[in-house]
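Student:
Number of protein chains: 2
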Amino acid sequence: MKKIAIIGLGLIGGSIAKALKKSNEAGNYFIAAYDLPQIISQALAEGVADKKLETVEDAATYDIIFLALPLSESIDCFDKLAGILHGGTILSDVCGVKGIFEHKWNHLESSGIYMGGHPMTGKERGGYENSDPLLFENSVYILSSRSKGRPESHELLGIIKCLGARAVFLDPFVHDKVVANVSHIPQLLAVALVNSAFENNSENINNLDFAAGGFRDMTRIASSSFSIWKDVISTNKSEILYTLEKLQYQIGLLKSSILLDDQKKLEESFLKSAQRRDSIPKTNKGFINPVYDLFVYVKDEPGVISKISTLLFSNGINIKDIELLKIREGSGGTFRLSFESLKDADSASGILKNAGYEFQ
Amino acid sequence: MKKIAIIGLGLIGGSIAKALKKSNEAGNYFIAAYDLPQIISQALAEGVADKKLETVEDAATYDIIFLALPLSESIDCFDKLAGILHGGTILSDVCGVKGIFEHKWNHLESSGIYMGGHPMTGKERGGYENSDPLLFENSVYILSSRSKGRPESHELLGIIKCLGARAVFLDPFVHDKVVANVSHIPQLLAVALVNSAFENNSENINNLDFAAGGFRDMTRIASSSFSIWKDVISTNKSEILYTLEKLQYQIGLLKSSILLDDQKKLEESFLKSAQRRDSIPKTNKGFINPVYDLFVYVKDEPGVISKISTLLFSNGINIKDIELLKIREGSGGTFRLSFESLKDADSASGILKNAGYEFQ
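In order, the protein sequences belong to chains A and B.
Just add 156 to the spot in the first sequence (first one is 1) and you have the numbering used here.
Just add 156 to the spot in the second sequence (first one is 1) and you have the numbering used here.
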């Protein structure tokens, strides 16, 4: 029997507990949890947790600890627990920034093991009430490669497998560089672009009144709430600042090519970006705003949207959004189908497979 | 009988000719056209043009001239024609940059009138073979406000009305500022963002391998072809350079807030951008990649996608793409439906209206 402590029964912590308790190996896991009294009472009543942890420090004797609080609170708990872990205890967290934990770990003495994680899944709404045993199904669970190969890491890998996720090892500092590039900088850039374009000029015309497709696509994430980004930005500060400089350098390159009428250099920038952008795997689910998506490959034939949606609707499944990701014109394409819940996506997957549709 | 000269029978020029010839007022328009011999032969055979223009200069005696060639060729023709226009001849163009023509006009003597235009419509593919009498239907046709109110401008307004478009007056230099902000800078930024994120780092991991939803949205236009952008960038150079500086300033603001841990200032930037972005009219069609879209408001009820697509498919209309633009959760939302052609969109509009759907 493995003793698991979960600090924070929100969307991620609650989903870990629910997934373990619904798995075939439920009998192998004893789960203690720390959260507000009413959340713990509900989890105990629902059989999602076996025991209430009175203090964060009580977790130090468990086999595996998941820190599943918001970023700054997870850091506080890490500070309380890291130095007092019992021999062999694995401390993990589920935060979107990894270097800060690793850095702290490298500067302390502990009998335990730290192995940070970043599950690449989520929902629009958080909290225990939205937690879901199927949240991790088919998602990628990034694990710090620093403890890769250590025998204790197999315990954590076993749990991740039990959640239905696929573990991918990544160096924590490389992780923070990657998320700065593909998630944090795009967010800051969307904010900068909207604020830069917003302007009432001489004729009292607001540029944004003429903004359409491309501009809207680029700035969709500009509406994100600051409360989510505050801690992410401050804990990944140095990577973000470095990546902003890289971006400023690229903007400067374009600016000087334009200023000097250097068409050859400008063309080079355009060609490179087109090649690089086209090389992004189209079915990546990634770090940001994960949704319950299916990627279905279909022949490009009239009425295909109608056929698919009618097939699913007649089975009681409602599609929230359909997007055609054009791949090869004339011959076929991949549709992204988004669903309200993972359950819907799961059922839809089965129905479409039976009907002969291919998935990507 | 009004004598119209169209220089360039491509997508826009061809569509102008076809629309006028299909209109109720076809009898009022005599159309002469200048293009490659085989295009002119086809247009004459199809009754789309009445006469072949032997030289660009021959257009100088007509009532209205449309320059509908690619940007740099339109500028060349403008140089040939502007100074030799007969008294009362209106010279117009359909290019996406307006200041350069206005600037040239202000520095020459002419008996004619120049009134630049920018029809906010288009198709993925150009050329006479894709021109379409319905191309302008329900689209916005931007006209230089410099000649607004001049009696001759009514001739041009009459033609635009005949095309089915809605004329909107805008100062040509304000126009170029607006397109720099909402179209040209987003394009350059997408290029810079992809090139900045592309990097094989220490562990030979490419950041782009982890790029997903938000990043893909932001860089969709990075794959645009340089040949389209080359002339646009060089002719709108000063507005683009100025707007790039504004953007660099905004990025600098964010960078210094992050560097100085100034959470208050950072929050202010996020809040402003969210408010400003949310104020963009959701149904704007705008300058970039116009598509045949309908915006249908529907109650948020299960199966609505299936109902709409089945209704249209049973009427022989295929939807190319559906996107749910969420407006009010629980109560209803607006769907964007995209179609292959304006004809499909038009028929779909009638069918959905008859079925009681509301449009936005």
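All residues carry an ideal CB built from backbone N, CA and C; glycine is no exception.
Quantities reported herein were computed from a predicted structural model and do not represent experimental measurements.
In the structure shown, what three-state DSSP assignment does asparagine 337 of chain A receive?
Tutor: DSSP places asparagine 337 of chain A in helix when its eight states are reduced to three.
Student: Decide if histidine 340 of chain B is buried, meaning its Cβ has at least 16 other Cβ atoms within 10 Å, or exposed.
Tutor: buried
Student: Find out if the Cβ-Cβ distance for the pair tryptophan 385 of chain A, phenylalanine 426 of chain B is shorter than 8 Å.
Tutor: yes
Student: Considering Cα atoms alone, identify which of B:Leu415, B:Leu247, B:Phe325 and B:Ala175 is closest to isoleucine 361 of chain A.
Tutor: B:Phe325
Student: Under the assumption that asparagine 351 of chain B contacts valine 338 of chain A (Cβ atoms under 8 Å), give the Cβ distance between them as a whole number of angstroms.
Tutor: Actually they are not in contact, since the Cβ atoms of asparagine 351 of chain B and valine 338 of chain A sit about 13 Å apart, beyond 8 Å.
Student: Would leucine 223 of chain A be called buried (16 or more neighbouring beta carbons within 10 Å of its own) or exposed?
Tutor: Buried is the label assigned to leucine 223 of chain A, since at least 16 other Cβ atoms lie within 10 Å of its Cβ.
Student: By the 10 Å Cβ neighbour count, where 16 or more other Cβ atoms means buried, how is glycine 512 of chain B classified, buried or exposed?
Tutor: exposed
Student: Check whether the Cβ atoms of glycine 244 of chain B and phenylalanine 257 of chain B lie closer than 8 Å to each other.
Tutor: No, Cβ-Cβ distance for glycine 244 of chain B and phenylalanine 257 of chain B is not below 8 Å.
Student: Note down, in chain order, all residues in the region 264-282 of chain B with a beta-carbon under 8 Å from any beta-carbon belonging to chain A.
Tutor: Correct list: empty, as no residue qualifies.
Student: When DSSP builds the beta bridges, which residues end up paired with aspartate 249 of chain A?
Tutor: A:Leu223
Student: I'd like the ranges of any beta strand (DSSP E) spanning at least 3 consecutive residues and lying wholly in the region 294-339 of chain B.
Tutor: 296-300 and 322-326
Student: Comparing the C-beta of aspartate 418 of chain A with each C-beta of chain B, is any distance below 8 Å?
Tutor: no
Student: Secondary structure at alanine 205 of chain B, three-state DSSP: helix, strand or coil?
Tutor: Secondary structure at alanine 205 of chain B: coil, using DSSP grouped into helix, strand and coil.
Student: Suppose you measure from the CA of valine 447 of chain B to the CA of phenylalanine 495 of chain B; what does that come to, to the nearest Å?
Tutor: Residue placement at valine 447 of chain B is poorly supported in this model, since its pLDDT is 44, which falls under 50; the coordinates are not used for a value here.
Student: Arginine 322 of chain B versus chain A: which residues are under 7 Å apart at the beta carbon?
Tutor: Simply none; closest approach about 14 Å.
Student: Closer than 7 Å by beta-carbon distance: list the chain B residues that pair up with alanine 348 of chain A, in chain order.
Tutor: Leu403, Gln406, Ile407 and Leu410
Student: Closer than 7 Å, Cβ to Cβ, to anything on chain B: give me those residues from the region 465-479 of chain A, in chain order.
Tutor: Ser465, Thr466, Phe469, Asn474, Ile475, Lys476, Asp477, Ile478 and Glu479
Student: What's the call for histidine 263 of chain B, buried or exposed, on a 16-neighbour Cβ count within 10 Å?
Tutor: exposed
Student: Using only the alpha-carbon positions, how far apart do isoleucine 436 of chain B and proline 193 of chain A sit?
Tutor: 44 Å
Student: How many Å lie between alanine 353 of chain A and arginine 492 of chain A at the Cα?
Tutor: 31 Å
Student: Report the residues of the region 490-511 of chain A with a CB closer than 8 Å to any CB of chain B, ordered along the chain.
Tutor: Those residues of the region 490-511 of chain A that come within reach of chain B (Cβ to Cβ, closer than 8 Å) do not exist; the list is empty.
Student: Classify lysine 509 of chain A: buried if its beta carbon has 16 or more other beta carbons within 10 angstroms, exposed otherwise.
Tutor: exposed
Student: Apart from the five residues just before and just after alanine 215 of chain A, which ones in its own chain have a Cβ nearer than 8 Å to its Cβ?
Tutor: If we look at alanine 215 of chain A and ignore the five residues flanking it on each side, its Cβ neighbours are Ala161, Ile163, Ala188, Tyr190, Leu209, Ile221 and Leu237.
Student: What is the DSSP secondary structure of aspartate 417 of chain A, reduced to helix, strand or coil?
Tutor: coil
Student: To the nearest angstrom, how far is the alpha carbon of glutamate 265 of chain B from that of aspartate 235 of chain B?
Tutor: 12 Å
Student: Whose C-beta lies closer than 6 Å to the C-beta of phenylalanine 343 of chain A among residues of the same chain, with five residues either side of it excluded?
Tutor: The amino acid at residue 343 of chain A is misidentified as phenylalanine; the sequence shows glutamine. If we look at glutamine 343 of chain A and ignore the five residues flanking it on each side, its Cβ neighbours are Ile377.
Student: Nearest-angstrom Cα distance between isoleucine 414 of chain B and leucine 227 of chain A?
Tutor: 17 Å
Student: Mind checking who proline 189 of chain A pairs with in its DSSP beta bridge?
Tutor: For clarity, residue 189 of chain A is alanine in the given sequence; the question names proline instead. DSSP output for alanine 189 of chain A lists A:Ile162 and A:Lys208 as bridge partner(s).
Student: Could you check what DSSP says for asparagine 474 of chain B in three-state terms: helix, strand or coil?
Tutor: coil
Student: Going along the region 378-391 of chain A in order, which residues come within less than 8 Å of chain B, judged by CB to CB distance?
Tutor: Ala378, Ser379, Ser380, Ser381, Phe382, Trp385, Lys386, Ile389 and Ser390
Student: Using the Cβ count rule (16 or more neighbours within 10 Å means buried), how would you classify methionine 157 of chain B?
Tutor: exposed
Student: Check whether the Cβ of glutamate 423 of chain B lies closer than 8 Å to any Cβ atom in chain A.
Tutor: yes
Student: Run through chain A and tell me which residues come within less than 9 Å of aspartate 219 of chain B, C-beta to C-beta.
Tutor: None at all; the shortest Cβ gap to chain A is about 30 Å.
Student: Hey, how far is the Cα of valine 347 of chain B from the Cα of glutamate 423 of chain A?
Tutor: 11 Å
Student: Give a yes or no on whether the minimum CB-CB distance between asparagine 337 of chain A and chain B is below 8 Å.
Tutor: The Cβ of asparagine 337 of chain A sits closer than 8 Å to at least one Cβ of chain B.
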